[in-house]
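Only one structure is covered here, and it is reproduced in the block below.
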Ligand SMILES: C[S@@+](CC[C@H](N)C(=O)[O-])C[C@H]1O[C@@H](n2cnc3c(N)ncnc32)[C@H](O)[C@@H]1O
């Protein structure tokens, strides 16, 4: 039993275990208990040393999952019992990961904590799908947006999201394809604006589907994803075809 009460909120990245930071790996290796969320990939769970207690506690879109207050209470209880606790989360704990809520709860209960960042899905998926999120002359801003925009009141930022020259990355956006398509078109985005839907980015199950804003609802309805899906909207998506073609021609040469 370790007397140094501490919880480390650790970002596990988007799935590929090689995208873990060294700091994350060390925290996992030193942990006495790992409380992980449902987005953490099996390949990363395999890195938890044998004998370390594992507890799955996560939020799952559309499926029954642990309540946030229960997760927070478990972290406090485990830490007060003297365990070195790692709270392992998909991507980065502070990007749509409820990491801020968990950190606040730990602070309110006088539990020392630290945060190890992880590669968030937007960055992992961008690299894995060869879609640069910014590109000179094409996109000079990136906005990370939750698909759950209407939670907590009506969202009033659609006109800002519709400004040209930027890339939008929607987390948890697939189920909201209808509202995203309708609102962006209503704010003047062209129907031809390219969209990429990246499923299970950076993992062996990665699948990339490209479409246009005007066909987003149609495409989303036909997707049958087995893993999480990220939605990228912007002219940068066109670069993927160019970059993959370049790679193919280099491979042939
Ligand atoms: C609750 S959010 C968690 C985000 C996480 N904290 C991060 O920084 O990536 C879950 C959403 O992230 C996106 N996501 C996470 N990992 C992904 C992956 N490997 N491929 C595609 N989308 C992913 C999906 O949109 C999913 O619905």
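Residue numbers (my numbering): 16 to 268. All C-beta atoms, glycine included, are put in the ideal place defined by N, C-alpha and C. Since this is a predicted model, take the numbers as computed values, not measurements.
Identify whether residue i lies in helix, strand or coil by the three-state DSSP scheme.
| i | result |
| --- | --- |
| residue 148 | coil |
| residue 27 | coil |
| residue 53 | coil |
| residue 66 | coil |
| residue 138 | helix |
| residue 153 | coil |
| residue 47 | coil |
| residue 86 | helix |
| residue 103 | strand |
| residue 158 | strand |
| residue 80 | coil |
| residue 5 | A question about residue 5 goes unanswered here, because the residues of the chain that appear run from 16 up to 268. |
With C-beta atoms as the reference, is residue i less than 8 Å away from residue j?
| i | j | result |
| --- | --- | --- |
| residue 34 | residue 147 | no |
| residue 42 | residue 104 | no |
| residue 247 | residue 184 | yes |
| residue 22 | residue 109 | no |
| residue 107 | residue 135 | yes |
| residue 24 | residue 130 | yes |
| residue 73 | residue 54 | yes |
| residue 47 | residue 68 | yes |
| residue 229 | residue 207 | yes |
| residue 139 | residue 216 | yes |
Please look up how many angstroms separate the CB atoms of residue i and residue j, rounded, as I've assumed it's under 8 Å.
| i | j | result |
| --- | --- | --- |
| residue 210 | residue 231 | 6 Å |
| residue 62 | residue 40 | 7 Å |
| residue 225 | residue 252 | 6 Å |
| residue 157 | residue 181 | 7 Å |
| residue 50 | residue 89 | 6 Å |
| residue 194 | residue 213 | Going by Cβ atoms, the distance from residue 194 to residue 213 rounds to 20 Å, so no, they are not a contact pair. |
| residue 159 | residue 137 | 6 Å |
| residue 186 | residue 168 | With a Cβ gap of about 19 Å, residue 186 and residue 168 do not count as contacting. |
For a cutoff of 8 Å on Cβ pairs, would you count residue i as touching chain C?
| i | result |
| --- | --- |
| residue 96 | No chain C is part of this structure, which consists of one protein chain only. |
Query - Any alpha helix (DSSP H) of 4 or more consecutive residues that is wholly inside the region 162-246 - result: 173-176, 192-201 and 231-237
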